[in-house]
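In the working numbering, the protein residues as written are 91 to 501.
One structure is given below, encoded as structure tokens.
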Ligand code: GLY
């Protein structure tokens with residue numbers, strides 16, 4: 091079956107109209123045998139890179155092993171875009187990347203909605219951080235101090251000021267801080283829109299096949315060997331999230347130090363009438379992210395449990411208990427479900443984006459708690475590396491894989 095890709099370097103022609111779209115009807119697309127770039131991994135990072143490469147006119151194929159929409163973390167993420175509210179002590183190098191990427195969302199969301207008709211649920215009303223007791227208030231105060239020290243201008247609110255902003259808040263709220271500029275997007279709709287737009291712009295999106303090996307020529311990566319055959323490519327970009335640390339088709343010395351960090355989330359539906367909240371609400375233990383369609387995502391646990399994907403009674407109980415403490419009317423919400431996924435964690439909580447010492451092999455992984463937020467910047471940075479031949483991802487220099495000595499198999 092023909093591919094939807096355009097501009098593939100030296101590939102055989104295809105009669106399929108560009109923009110026929112990804113695998114929406116369950117039909118399978120096949121990749122051509124040669125591209126300028128292959129992206130492995132169909133989560134929000136891989137999709138952002140593939141789309142941006144397609145925007146730049148690069149012949150690109152995106153390969154994802156899952157027949158259904160891929161992107162483990164993407165499917166579970168709440169979609170908070172919170173460079174201010176999630177700024178942590180010791181993460182100063184992350185902040186400029188997070189802020190820069192957040193600024194790309196308004197334009198990107200509008201472009202995607204116009205191009206695809208998919209409303210991605212982007213809102214930017216700030217994130218409201220609340221404390222319900224003295225200990226939480228002290229933590230919140232330290233957070234606001236850190237934000238001020240980083241010129242992020244948090245807005246401190248009194249309890250009544252907070253309830254003016256969010257009338258559903260519990261009367262027990264003792265203090266609050268509004269993180270300006272923070273917001274949210276629906277990651278699944280965002281991924282759908284990225285994929286649809288990437289395909290319309292000529293990217294080939296192939297789901298359901300696996301990469302078995304990298305094609306190498308004198309140590310350089312020159313493509314991938316897949317279950318459906320070889321695909322040559324000038325560069326291969328590995329965007330396989332938490333899996334990247336255990337891929338059996340990378341040399342041991344090429345494996346980045348990425349580990350799975352489990353997160354459980356709960357999805358609720360709020361009944362007809364006024365929504366329980368209109369912006370992300372965050373406590374020390376839980377966050378609540380409203381969707382425009384009335385759903386409310388409550389997240390998330392942060393668990394170092396390897397590849398254990400169980401949704402646990404304890405995890406769900408803790409999230410619901412904390413959520414109910416903040417928004418008491420949530421007791422009337424319907425329970426839609428709970429799920430678990432894996433964030434790709436790294437030793438320094440920074441992503442791993444850029445070239446490895448193996449020519450032709452790039453990594454875009456390790457986005458940990460910031461995958462959705464950092465996806466536009468990662469897409470733009472990697473596309474510029476490919477198109478302009480840059481050695482380091484512009485705007486993401488601190489994310490360079492070289493800091494972990496991700497080394498080539500060659501000597
Ligand atoms: N960014 C929120 C989380 O990873 O839970």
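Backbone N, C-alpha and C define an ideal beta-carbon position, used for all residues, glycine too.
Note that the structure is predicted; figures quoted are calculated from it, not measured.
Under 7 angstroms from any heavy atom of ligand 1, does the C-beta of residue i make it?
i: residue 433; result: yes
i: residue 400; result: no
i: residue 315; result: no
i: residue 285; result: no
i: residue 207; result: no
i: residue 271; result: no
i: residue 33; result: Outside the shown range of the chain (91 to 501) lies residue 33, about which nothing can therefore be said.
i: residue 353; result: yes
i: residue 211; result: no
i: residue 332; result: no
i: residue 170; result: yes
i: residue 329; result: no
i: residue 216; result: no
i: residue 389; result: yes
i: residue 182; result: no
i: residue 178; result: no
Should residue i and residue j be called a contact, given that it needs their Cβ atoms to be closer than 8 angstroms?
i: residue 423; j: residue 358; result: yes
i: residue 245; j: residue 233; result: no
i: residue 421; j: residue 414; result: yes
i: residue 396; j: residue 138; result: no
i: residue 333; j: residue 226; result: no
i: residue 215; j: residue 465; result: no
i: residue 376; j: residue 388; result: yes
i: residue 379; j: residue 274; result: yes
i: residue 314; j: residue 443; result: no
i: residue 472; j: residue 327; result: yes
i: residue 134; j: residue 281; result: yes
i: residue 293; j: residue 124; result: no
i: residue 183; j: residue 454; result: no
i: residue 446; j: residue 309; result: no
i: residue 461; j: residue 346; result: no
i: residue 265; j: residue 418; result: no
i: residue 361; j: residue 276; result: no
i: residue 426; j: residue 381; result: no
i: residue 305; j: residue 295; result: no
Using CA coordinates, which residue listed in the options is at the minimum distance from residue i?
i: residue 187; options: 200, 463, 475; result: 463
i: residue 122; options: 153, 135, 372; result: 153
i: residue 213; options: 184, 331, 171; result: 171
i: residue 229; options: 256, 179, 204; result: 179
i: residue 494; options: 410, 439, 204; result: 439
i: residue 198; options: 429, 449, 467, 266; result: 467
i: residue 217; options: 267, 181, 311, 203; result: 267
i: residue 412; options: 398, 385, 235, 371; result: 371
i: residue 329; options: 434, 181, 405; result: 434
i: residue 209; options: 307, 429, 283, 337; result: 283
i: residue 189; options: 318, 279, 270, 256; result: 270
i: residue 196; options: 247, 318, 272, 392; result: 272
Excluding five sequence neighbours on each side, which residues of the same chain lie with their C-beta closer than 7 angstroms to the C-beta of residue i?
i: residue 431; result: 162, 163, 165, 166, 353
i: residue 476; result: 127, 143, 148, 325
i: residue 492; result: none
i: residue 459; result: 176, 433
i: residue 146; result: 473, 477
i: residue 185; result: 173, 177, 240
i: residue 115; result: With a pLDDT of 38 at residue 115, under the threshold of 50, the modelled position of this residue cannot be trusted; read the value that follows with caution. So no residue of the chain qualifies.
Bridge partners of residue i, per DSSP?
i: residue 212; result: None, per the DSSP bridge assignment.
i: residue 377; result: 372, 389
i: residue 296; result: 153
i: residue 125; result: 323
i: residue 431; result: 353
i: residue 179; result: DSSP, once it has assigned bridges, lists no residue as partnering residue 179.
i: residue 265; result: 221
i: residue 316; result: 301, 319
i: residue 310; result: 307
i: residue 245; result: 268
i: residue 359; result: 385, 424
i: residue 443; result: 454
Which same chain residues, not among the five before or five after residue i, have their C-beta less than 6 angstroms away from its C-beta?
i: residue 107; result: Since pLDDT at residue 107 reaches only 32, below the 50 mark, its modelled position is unreliable, and no value is offered.
i: residue 126; result: 99, 148, 149, 324
i: residue 390; result: 353, 355
i: residue 316; result: 299, 301
i: residue 490; result: 444, 482
i: residue 484; result: 471, 474
i: residue 117; result: At residue 117 the pLDDT is 40, less than 50, meaning the model places this residue with poor confidence; the figure from the coordinates comes in the next sentence. Taken in chain order, the list of residues that qualify is empty.
i: residue 318; result: 299
Who are the Cβ neighbours of residue i in its own chain at under 8 angstroms, not counting the five residues just before and after it?
i: residue 263; result: 220, 221, 222, 249, 252, 253, 416
i: residue 111; result: Low local confidence applies: a pLDDT of 38 at residue 111 is under 50, so the model's placement there is unreliable, and no value is given.
i: residue 480; result: 474
i: residue 194; result: 466, 467, 470
i: residue 525; result: With the chain represented from 91 up to 501, any question about residue 525 goes unanswered, as that position is not in the structure.
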